[in-house]
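Report on one structure; see the data block that follows.
In structure tokens, the structure reads:
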């Protein structure tokens with residue numbers, strides 16, 4: 060079952076998702092972690108930056124992006140890859156995608172949120188999630204059956220929220236999607252991996268048996284995205 064099953068306008072929805080995903084690819088040099096860029100790709104970046112509005116400049120930019128992404132093994136995914144819930148995430152504008160990944164991580168950590176939240180942490184939550192942070196918090200606090208984190212923190216090395224910044228929290232969310240099988244070689248969401256430095260491994264705790272019960276909860280997050288974020292593919 061996918062988020063499109065039983066809904067009309069499937070072709071239009073898929074086309075919209077593909078367009079936004081393509082826009083994220085074209086904006087690669089605006090969000091890719093700089094450590095991915097080898098010398099020849101840095102040269103391609105400089106060339107791509109020479110935008111003068113001409114068709115020649117546009118084609119130069121397209122070639123530079125395509126060279127980089129194919130070098131990373133990230134050819135454009137097939138259309139069917141955008142049908143599932145993971146396709147919804149991949150079709151968010153990059154800023155919205157990173158916020159959604161932070162929400163994914165916080166959804167897993169909602170038991171911790173219940174005693175972590177105070178005036179200072181609300182400000183951090185707003186920075187992580189944007190203007191809808193209050194609504195997100197209400198939803199998370201009311202969600203039943205949160206994963207139990209005590210063992211993950213004690214044995215598997217899961218850090219507390221106080222030790223995380225926005226980048227690390229988004230990486231946790233991406234890692235949970237990875238463990239759930241949403242980031243395979245041809246999956247659209249795999250493009251987002253380039254937002255973090257090369258060689259960064261998923262946190263050990265995401266591979267712990269104690270984390271398994273909550274890994275599939277990403278679907279619950281995806282289904283609430285229209286309520287919390289304006290960007291929706």
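Numbering (this note's numbering), first residue to last: 60 to 292. From the three backbone atoms N, C-alpha and C, an ideal C-beta is built for every residue, glycine too.
Best match in 194, 241, 128, 197 for proximity to residue 278 [C-alpha to C-alpha] | 241
Of the residues 192, 140, 114, the one placed nearest residue 298, counting alpha carbons only | Limits of the chain in this structure are 60 at one end and 292 at the other, which puts residue 298 out of reach.
Evaluate residue 113 with the Cβ neighbour count: other Cβ atoms within 10 Å of its Cβ, from every protein chain shown; 16 or more gives buried, anything less gives exposed.
-> exposed
With DSSP run on the structure shown, which of helix, strand or coil describes residue 274?
-> Helix at residue 274.
Please determine if the stretch 154-165 and the stretch 256-266 are in contact, where contact requires at least 3 C-beta pairs separated by less than 8 Å.
-> no
Kindly indicate which three-state DSSP category residue 194 falls into: helix, strand or coil?
-> helix
Taking just the CA atoms, how far does residue 234 sit from residue 214?
-> Computed Cα separation, rounded: 19 Å.
Would you call the stretch 136-155 and the stretch 205-214 in contact, with 3 or more CB pairs under 8 Å?
-> no
Boundaries of the alpha helix (DSSP H) in which residue 187 is found, first to last residue | 178-188
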